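Chains as they are written, first to last, in full-length UniProt numbering: chain A, 1 to 354; chain B, 1 to 354. Even glycine gets a Cβ: it sits at the ideal position worked out from N, Cα and C. All figures in this text were calculated on a predicted structure; none of them were measured in a lab. One structure below.
So this is what it looks like as structure tokens:
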């Protein structure tokens with residue numbers, strides 16, 4: 001029987017970047033520098049040769065004559081229901097979007113629920129109905145699932161994992177590594193909306209706002225972009241860690257620089273106000289229905305036009321450029337004419353936002 | 001934007017089978033009758049038309065020229081480490097086996113961790129190393145992942161979801177519905193071992209035993225069975241709810257009866273003793289490295305021979321028959337010569353066993 005060899009736990013030493021926090025802290029789940037360290041210095045070395053390098057948002061694998069995208073996400077957002085959505089539609093759209101960012105048309109999803117003892121069946125029915133409605137809207141089938149129950153005090157109502165398979169468009173070769181100097185950086189609409197919507201109803205923090213989560217499936221928008229014939233280089237939905245984390249990840253993956261023009265960032269006044277109130281940078285706030293695109297300069301005009309024509313891209317805007325200078329770094333020109341480094345967030349700015 | 005329509009939560013009424021427990025109880029996660037009711041009466045109606053009927057252990061989908069198996073499972077076993085394994089190898093082997101039970105060769109897995117704030121990185125490294133080792137042993141690649149962190153008191157150390165894709169053997173058409181009267185029922189080895197191993201080290205319950213979990217990847221054994229040229233009708237690994245739950249599920253899916261001969265059940269003495277101590281029926285105790293096969297009578301001899309030749313089938317045994325009588329029911333001939341109904345367990349006999 002293939003047994004797990006005995007592992008000498010005592011001999012495992014936290015690598016330097018993790019040593020300051022020998023236990024898991026909320027920041028390890030923030031999608032920023034601490035998350036990256038946990039993956040790079042703990043998970044990947046521990047997984048060993050079984051891990052395919054990267055463990056990116058979506059893997060692309062070839063089976064027979066098909067190129068498939070494959071992606072997983074767990075959702076632990078708190079509260080379960082917030083203005084504009086629930087954990088249920090977030091769980092569907094989140095995985096649909098990870099597939100879409102690889103240029104794939106989503107086909108099927110699995111849904112796995114971890115339920116806490118004592119949770120009202122009515123609340124679960126509400127969430128499950130949102131899962132079904134969002135799947136129907138996104139055109140994906142729910143084909144397999146799992147349900148586990150944990151005792152009170154060892155869960156939090158409902159956690160959902162969704163994992164999806166999509167078929168990659170044969171015209172597409174979309175990955176962070178392809179971002180290249182000269183590329184135009186386009187965002188598909190207003191940023192910071194999901195994070196502010198969830199925080200506005202967080203216990204102990206309620207504040208009045210009309211902002212509703214932007215949770216939405218983006219594969220139709222991506223298809224419209226590819227249909228222009230453009231060679232889209234990189235796509236990513238700026239969820240945890242926001243636009244700042246996503247641009248830094250792409251800059252590092254492709255070893256290019258990114259320059260932003262802060263004046264062109266579409267940030268709704270309500271988001272700006274809420275971020276001011278909470279001491280947050282809108283660039284670091286999560287989105288659940290937006291994408292960032294890196295597009296060659298010759299293709300940018302038609303891609304932007306196609307986005308503006310799509311219901312989920314009506315507020316699309318060019319927000320920056322990819323440059324050869326400062327590889328791995330994102331630099332913003334501020335409204336006052338200065339420049340600032342837009343860093344990868346360290347840890348958790350808004351815990352359990354998705 | 002495709003929005004989730006407002007759901008009138010107040011109007012949702014627990015269907016009759018769920019009405020006795022308007023909140024989630026541990027039994028809903030036991031893999032027995034209550035789990036089935038939750039899926040049938042809450043999840044499937046709530047998912048609506050987006051759900052493909054069944055939501056079985058593994059879905060089989062066709063993409064291009066390939067038939068793919070697709071399966072998901074979350075693991076919440078307590079404690080994280082137990083005699084013979086950890087949550088890490090359980091998470092790999094569990095999903096590998098769900099793919100294998102559809103006659104598929106597992107290709108890739110996703111791994112999604114929900115970590116509790118305060119968990120020692122060393123414990124997570126230990127679990128992640130077990131994931132990597134088990135994946136290497138099973139020949140599956142870990143190609144994509146996710147990590148979320150929840151605050152202390154809202155998780156329990158480590159929960160893992162694994163979701164897998166496999167390629168279905170073109171010779172195989174293996175599904176519960178194909179079980180047919182006359183089929184011989186074969187088990188691949190000793191039963192009840194995993195459940196007893198986990199319970200033996202459960203806090204507040206420690207008892208001395210030499211039993212170690214049987215967690216193991218079964219796709220090699222399944223390939224050996226298919227390689228005989230036999231038309232294997234149905235395969236299932238008897239995890240939560242044990243052999244009793246699995247045989248009842250197959251009997252109901254195919255509307256056939258199953259008769260067991262209790263004297264032929266391979267139950268180790270230690271398992272029998274522990275079950276006596278705990279008041280458990282070994283038929284209801286979870287296994288993580290065993291399978292049940294329904295094989296046409298003409299094929300049974302060579303399938304059994306192939307199993308006995310395989311390291312994971314050396315204790316394989318014929319334990320019963322599929323019959324036309326009492327469709328949907330499992331009946332056992334007891335050692336004393338009587339008969340008893342082996343029912344689907346109601347709820348949770350051993351909570352958080354996987």
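With contacts defined as CB atoms closer than 8 Å, residue 44 (chain B) and residue 51 (chain B) qualify as a contacting pair. Here the alpha carbons of residue 346 (chain A) and residue 242 (chain A) stand approximately 12 Å from one another.
Cβ-Cβ distances below 8 Å link residue 170 (chain B) to 67 in the same chain, with the five nearest sequence neighbours on each side left out; the list follows chain order. Distance from the CA of residue 20 (chain B) to the CA of residue 36 (chain A), rounded to the nearest whole angstrom, comes to 46 Å. Taking 8 Å as the CB threshold, residue 22 (chain B) lines the interface with chain A. Between residue 69 (chain B) and residue 104 (chain B), the gap from beta carbon to beta carbon is short of 8 Å. Cβ proximity to chain A below 8 Å picks out 35, 38, 39, 42, 43, 46, 47, 48, 49, 50 and 51 from the segment 31-51 of chain B. Residues of chain B whose Cβ lies closer than 7 Å to the Cβ of residue 148 (chain A) are, in chain order, 29, 74 and 76. Taken atom to atom, the span from the alpha-carbon of residue 281 (chain A) to that of residue 93 (chain A) is near 24 Å.
Judged by their CB atoms, residue 235 (chain A) and residue 101 (chain A) are nearer to each other than the 8 Å cut-off.
Here the C-alpha atom of residue 333 (chain B) lies approximately 45 Å from the C-alpha atom of residue 72 (chain A).
Residue 186 (chain A) is positioned such that its CB atom lies no closer than 8 Å to that of residue 329 (chain A). Excluding the 5 residues flanking it on each side, residue 130 (chain B) has same chain C-beta neighbours closer than 7 Å at 86, 88 and 89, in chain order.
Those residues of the UniProt domain "PurM-like C-terminal" (181-326) of chain A placed with their C-beta closer than 8 Å to a C-beta in chain B are 214, 216, 217, 289, 311 and 312, ordered along the chain. Bridge pairing for residue 350 (chain A): absent [DSSP]. With a threshold of 16 other beta carbon atoms within 10 Å, residue 16 (chain B) falls short and is exposed. Annotation: residue 106 (chain B) has no Cβ neighbours in chain A at a cutoff of 7 Å; minimum Cβ distance is about 12 Å.
Taking the beta carbon of residue 18 (chain B) as reference, the chain A residues within 9 Å of it are 121, listed in sequence order. Boundaries of the beta strand (DSSP E) around residue 74 (chain A): 66-75. With respect to the 8 Å criterion, residue 180 (chain A) and residue 250 (chain A) are not classified as neighbours on the basis of their beta carbons. Using a Cβ distance threshold of 8 Å, residue 57 (chain B) and residue 98 (chain B) count as a contacting pair. DSSP, reduced to helix, strand and coil, places residue 302 (chain A) within a helical segment of the structure shown. Sixteen is the threshold: when 16 or more other Cβ atoms of the shown chains lie within 10 Å of the Cβ of residue 117 (chain A), as they do, the residue is buried. The continuous stretches of beta strand (DSSP E) do not include residue 201 (chain B), and DSSP gives it neither H nor E. Interface residue (Cβ-Cβ distance to chain A less than 8 Å): residue 169 (chain B) is not classified as such. Taking 8 Å as the cut-off, the beta carbon of residue 292 (chain B) is found no closer than this to the beta carbon of residue 259 (chain B). Close to residue 58 (chain A), with beta-carbon spacing below 8 Å, are these residues of chain B in chain order: 144. Using a Cβ distance threshold of 8 Å, residue 270 (chain A) and residue 215 (chain A) do not count as a contacting pair. Only exposed fits residue 65 (chain A), as fewer than 16 other CB atoms lie within 10 angstroms of its CB. Counting along the chain, the unbroken beta strand (DSSP E) around residue 186 (chain A) starts and ends at 184-187. Under the Cβ criterion of 8 Å, residue 175 (chain B) is not counted among the residues facing chain A. Just so you know, the alpha carbons of residue 115 (chain A) and residue 208 (chain A) end up roughly 30 Å apart. Ranked by how close their Cα comes to the Cα of residue 153 (chain A), the residues B:342, B:25, B:107 and B:199 have B:25 in first place. Looking at the DSSP output, residue 161 (chain A) shares a beta bridge with A:74 and A:112. For residue 142 (chain B), same chain residues with a beta-carbon under 8 Å away, outside a window of 5 residues either side, are 108, 109, 110, 111, 131, 132 and 135 in chain order. Using a CB distance cut-off of 8 Å, residue 103 (chain B) does not count as an interface residue toward chain A.
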